[in-house]
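Participant:
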Amino acid sequence: MIEVGKDVVVVGGGPSGLAAAVKLAELGCRVAVVESGDELGGILIQCIHDGFGTKLFGKALSGPEFASEFIEKLGELGVEAWTRAHVVRVRRESGSWALTAVSPKGVYRFSCRAVVYATGCRERTPFEIRVGGTRPAGVYTAGLVQRLVNLYGVLPGKKVLIVGGGDVGMIVARHLHLEGVEELLIVFPEPWFAGLPRNVQQCVLDFGIPFRPRTTVKEIVGKERVEGAVLVRVDERWQPIKGTEEFYPCDAVVFSVGLVPNASQLEELGAEIDPRTRGPAVNEYFETTLKGVFAVGNLLTPFDYVDDAVETAFIAAEGVSKHLSGEARRDKPIPLRPGPNVRLLVPHRVEWASGGDITLFLRPYAEKENPKISVRGSKGELYHDRRRYARPSLIERVELPRSLVESSPEGVVVDVE
Amino acid sequence: MKLEGRVRKVLEKYPAYNLSYEIRDGVVFLYGRVKSYEEWVEIGLEVGRIKGVEGVVNRIVWDGYPAEKVKEREERRKRIFEENKDRVVGSYDVVIVGGGVVGAAIARELSRYQLRIALLEKAPDVATGATKANNGMIHAGVEPPRGTLKRKLNVRGCRMYERWAQELNFKYKRVGSLWLITPRTLEKYKRFLPGPLYTLTLKYILPYIVVLKGLINGVRGLRVVRGREIFEMEPYAARDALAAVYVPWTAIVDPYEVAIALAENAAANGVEIFTSTEVVGFLKEGDTIKGVVTNRGVFLCRFVVNAAGVYADEIAEMAGSPEYTIHPRKGVIVLFHRSTGSYVRHCLAEIILPPPPRTKGGGINPTPHGNVMWGPTAVEVPDKEDVSVDPEEVQLVLTRYSTALSEFPRDRVIRYFAGVRAATFTEDFVIRPAKWVRNLLHVAGIQSPGLASAPAIAEYAVQKLREMGLELRGNPGFNPFREPTPSLREMELDEVEELIKRDPRRGHVVCECEMVSEAEVVEAVKRGARTVDAVKRRTRAGMGECQGARCLIKVAMILSRELGVPLPEVLKEEAPLFDGYVRGEAW
């Protein structure tokens, strides 16, 4: 057994985990990163397209470039990182945490006073959107295809159907187009692409990749290998319209139908899970309901920009140092509640007695032009902020003065009106 | 004569059609044409129910009958037959056709004796037919009708499982089943049972009828449970459950694990297993089979066992003893995430009488790995290979079974799949020497409770072979035990530590959802896995909530390395996973 004692252990060496580790080291904590993959960088390793870091560094980097900014800093700061180490067990032991990880080098045991979970998210599967038909070779998720093409040089098929009009789907479509896939079609149930407008232009329109809005896949066809898919038109409520079924011949179907936080380990540990985000419920420093256990990045909710994910890690790092120095918490946390037009809201409560302003991330249900982001307390509106537009595909970031939330101890409701 | 009259009477119910029949040694052959496939099934079943009918060969065609496809298949077989009929692979005492749980069980049972045995399987792996899509329940034997072979072999088979599990080292849990009786149980008969009589019947009469049925079938130990005890046993059982019958013998297994374990042990005891080997015909001398012709060549043989599942009727036909037609019955199963395991302790079912047609026989059961399965459904389908799932059927399963539990996270579905049962029209197991071929043993029509009966089926089949003239001399080298594969997920950490010292791959986690190490994947390949799905069935890599999105490539890379094939040529089940290299070049 290899014993390692630290102040903090970061579980997950993707961008958020790396950012948390860097910030923690800068704050003077003894920190270790535990990564289950072969190398650091997480999902960014396979994201060879650019567009990362526009908010944080003011320039558009590729995924590996963005990751290497942090990996280099980590090295400079002398932070230890273990790769190919998979955390199998976490236990609370008299005020501290004990993590056990398995790796080809042996079994590690980390004891620490705080844990930062940065396990990211996973892709939703065709089963989660109830696609019917068979289960042959040739059905993949988009992230898998991205990995396959960019890191292994292998193509999923020659005629590829992409299901989902989000960013991942569009980016993968462009890669496949450039790598020589003969025929592509993107289908999605929304009236227009759900991803960032810049991706619509740069990934789809610029390359003339065909797409069909208000369409989804009803069935996969093919015994051993995909032979095609049954497409169906959907109405405003995404319900299939009977009689509009159409067979589309293809040899691969790629699903890009949403991301879900990888929160199972936290759930097993007993952390409260928010049914809206399916990630852990957290306080203003992104601490879960387990004291000393923090969650950052896409584990909270999948972010549109890695820059935002990284910001949660920076904020959590400050929380960790508050936790380590034993700062006071409120007797009763102040709940932050989503309003009627808010699909998800992170964080979920204000728990610390003091601290900086509170950063909120929220995603609206309905698209609104010139909307008002409002925060209401028990005595009426406390704050509002006008935006140019708000849409479900974009996470809105809001910064609230702490005193304002504290003035409504029963809780506040955040909405997009 | 009597039989003829009864068959004629059934056909007379369909005056619109010009149907005819022929009876040979108790086997009824039906001819003619009907409008729908449903009618085809209905007529077959009705004739099959006639007492004294030993088999129904339903040669009636229906509108939409895929004549082209059937012809194509026959021509393909003929072509492969011609190409391979002169090339001898080897000479065997027994050739078993079909590598499902039944074929594997018979192979292993025969390996106790000094015999040369070949097991032929069409797919690249064993257990890829009905076996892999089974819900893994080992039934106690309460349900099969009295007087059937099913009943006899089910009751005996269930009792034999524990020993199998010990010898073969597969996961086996005797969880018992709990059959709930609720106000919905006899809803269809409610009008005959006015007022308090309804509840009374449900609470005090019906449970004992079930217990009695068990006793008649030879299943003892059934117990009626009422009131609080139901919820002590099954905390999330339907709140309105009035009574329940507890069956202590019911167990759960992974059906493919059982078949794989059997095949591995059979192979260790000398059985030669040939995968990707499809039977296309027989070489015969009079009424005796001399050789089994496959795409690999001819397997000369003294005896043939037909355990070909949904293809058993075609094998029988090719061999010259058509005695039954398989009418495929599809079942859809919905699988839930492991976190749902805490909601269900027993194999759970809500008794509904009469059973709703599309979900007859299904229920809720835990799996040995802590997942939960709902289903299967039961739908007649014309195509034996139709394992497609209609999303509406998933919904049907979710609706039908949700009344048995008061609370259950129904949204945590991680997969659904379908399999096809090999039902005959007599709806009983057909395990008997062929009527018109001297050395062929039918082991056909093995549908539910086939998995539960498998140990007894194997024993019974070997006994039949002995009666047919196969001499059985004990194999002194027979070893009934199969080495388990150490699984990272189940090991103690100090044990893991030790193993990593010897083999670092033990500590390399390939599948994070199910915690499968590289060493386990390599071991699976060493034990015969050739495809990604074969590795999945042996290790569980890819069975978690991400459904392989993260580990698929890693497993494929290991297969590519271990088998020495390029990554794009690694198979999923029968077809390559990927298409080829980017711009046609290997990196």
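Protein chains in written order, with my numbering: chain H, 1 to 417; chain L, 1001 to 1587. Backbone N, C-alpha and C define an ideal beta-carbon position, used for all residues, glycine too. Model, not experiment: these values are computed from the prediction.
#1: Under 8 Å, Cβ to Cβ, is there at least one residue of chain L near R122(H)?
#2: Roughly how many angstroms lie between the CA atoms of L300(H) and V1413(L), to the nearest whole one?
#3: In the DSSP assignment, what residue or residues form a beta bridge with I1138(L)?
#4: What is the C-beta distance between H1327(L) and G1044(L), in whole angstroms, given that I count them as a contact (C-beta under 8 Å)?
#5: Please classify H1508(L) as buried or exposed, where buried requires at least 16 neighbouring CB atoms within 10 angstroms.
#6: Who are the near neighbours of V342(H) in its chain, counting only those whose CB is closer than 8 Å to its CB and skipping five residues on each side?
#7: Output yes if chain H places a C-beta closer than 8 Å to the C-beta of A1549(L); else output no.
#8: Indicate the three-state DSSP secondary structure (helix, strand or coil) for N150(H) in the structure shown.
#9: Taking only beta carbons into account, state which residues of the region 140 to 174 of chain H come closer than 7 Å to chain L, listed in chain order.
#10: Our contact map puts V296(H) next to A118(H) with C-beta atoms below 8 Å; I'd like the distance itself, whole angstroms only.
#11: What residues in its chain sit with their C-beta under 7 Å from that of V420(H), if we drop five residues either side in the sequence?
#12: What's the call for W964(L), buried or exposed, on a 16-neighbour Cβ count within 10 Å?
#13: Can you name the residues that DSSP bridges to K159(H)?
#14: Could you name the residues of chain L that V88(H) contacts, counting a contact when the two beta carbons are closer than 9 Å?
#15: Run the CB neighbour count on S325(H), radius 10 Å, all protein chains shown included, and call it buried at 16 or more, exposed below.
#16: Identify each residue in the region 102 to 115 of chain H for which the Cβ-Cβ distance to at least one residue of chain L is less than 8 Å, and report them in chain order.
#17: Report the three-state DSSP secondary structure of G1474(L) (helix, strand or coil).
#18: Check whether the region 1003 to 1011 of chain L and the region 1047 to 1057 of chain L are in contact - that is, three or more C-beta pairs closer than 8 Å.
#19: For P1357(L), count the other beta carbons within 10 Å of its own beta carbon; 16 or more makes it buried, fewer makes it exposed. Which is it?
#20: Listed in chain order, which residues of the region 1566 to 1582 of chain L have Cβ atoms closer than 8 Å to some Cβ of chain H?
#21: Starting from C1551(L), trace the beta strand (DSSP E) in both directions and tell me its first and last residue.
#22: Out of R1506(L), V1525(L), R1527(L), point me to the one whose CA is closest to E1518(L)'s CA.
#23: Is the CB of K223(H) under 8 Å away from at least one CB in chain L?
#24: Taking the C-alpha atoms as reference points, what is the distance between L61(H) and I45(H)?
#25: Counting only runs of 4+ residues fully inside the region 252 to 328 of chain H, write out the alpha helix (DSSP H) ranges in chain order.
#26: Chain H partners of I1414(L), CB-CB under 7 Å?
#27: Given a limit of 8 Å on CB to CB distance, which residues of the region 1326 to 1350 of chain L reach chain H?
#28: Beta-carbon within less than 6 Å of I1558(L)'s beta-carbon, same chain only, minus the 5 sequence neighbours each way: which residues are those?
#29: Just the Cα atoms here: how many angstroms apart are L400(H) and L360(H)?
#30: Go ahead and pull the three-state DSSP assignment for I241(H).
#31: My output table needs one value for D50(H): the three-state DSSP class, helix, strand or coil.
#32: Hey, is A252(H)'s beta-carbon within less than 8 Å of any beta-carbon in chain L?
#33: Between T100(H) and chain L, is the shortest Cβ-Cβ distance under 8 Å, so that the two count as touching?
#34: Using 8 Å as the limit for Cβ to Cβ distance, is T301(H) near chain L?
#35: Quick one, which of A1123(L), Y1014(L), Y1324(L) has its alpha-carbon nearest G1445(L)'s?
#36: Suppose contacts are defined by Cβ-Cβ distances below 8 Å. Is N1269(L) in contact with N1134(L) by that definition?
Facilitator: Taking the geometry as given:
#1: So yes, R122(H) belongs to the interface.
#2: The alpha-carbon atoms of L300(H) and V1413(L) are separated by roughly 22 Å.
#3: DSSP lists A1251(L) as partners of I1138(L).
#4: About 6 Å separates the two Cβ atoms, so the contact holds.
#5: Result: buried.
#6: The residues are L362, R363, P364, Y365, V414, D415, V416.
#7: Yes, A1549(L) counts as interfacial toward chain H.
#8: In the structure shown, N150(H) sits in a helix (DSSP, three-state: H, G or I).
#9: Answer set for the region 140 to 174 of chain H: T141, G143, L144, R147, L148, V149, Y152, G153, V154, L155, P156, G157, K158.
#10: In this structure V296(H) touches A118(H) by the C-beta definition: roughly 5 Å separates them, less than 8 Å.
#11: Lying outside 1 to 417, the shown extent of chain H, residue 420(H) is not represented and no answer is given.
#12: With chain L covering 1001 to 1587 only, the question about residue 964(L) has no answer from this structure.
#13: Note: K159(H) sits in a beta bridge opposite E183(H).
#14: Taking the beta carbon of V88(H) as reference, the chain L residues within 9 Å of it are L1488, R1489, L1493, V1496, V1509, M1515, listed in sequence order.
#15: Burial call: exposed.
#16: For the region 102 to 115 of chain H, which is checked against every Cβ of chain L, the residues closer than 8 Å are V102, S103, P104, K105, G106, V107.
#17: G1474(L) falls in the strand class under three-state DSSP.
#18: The answer is yes - the region 1047 to 1057 of chain L touches the region 1003 to 1011 of chain L, with three or more Cβ pairs under 8 Å.
#19: So P1357(L) counts as exposed.
#20: Here the close residues are L1567, P1568, L1571, K1572, E1573, E1574, A1575, P1576, L1577, F1578, D1579, G1580, Y1581, V1582.
#21: Unbroken run through C1551(L): none, as it is neither H nor E.
#22: Nearest of R1506(L), V1525(L), R1527(L) to E1518(L), Cα basis: R1506(L).
#23: K223(H) counts as touching chain L.
#24: Between L61(H) and I45(H), the C-alpha separation is close to 12 Å.
#25: For the region 252 to 328 of chain H, whole alpha helix (DSSP H) runs of length 4 or above, ordered along the chain, are 264 to 269, 306 to 324.
#26: What I1414(L) touches in chain H: F127.
#27: Of all residues in the region 1326 to 1350 of chain L, S1339 have a Cβ within less than 8 Å of some Cβ in chain H.
#28: Excluding its 5 nearest sequence neighbours in each direction, I1558(L) has C-beta neighbours in its own chain below 6 Å: V1521, listed in chain order.
#29: About 8 Å.
#30: Look at I241(H) here: in three-state DSSP terms it is coil, with no helix or strand label.
#31: Three-state result, D50(H): strand.
#32: Yes, because at least one Cβ of chain L sits closer than 8 Å to the Cβ of A252(H).
#33: With 8 Å as the cut-off, T100(H) counts as an interface residue toward chain L.
#34: The Cβ of T301(H) sits no closer than 8 Å to any Cβ of chain L.
#35: In terms of CA proximity to G1445(L), Y1324(L) leads the group A1123(L), Y1014(L), Y1324(L).
#36: Contact check for N1269(L) against N1134(L) fails: the beta carbons are separated by 8 Å or more.
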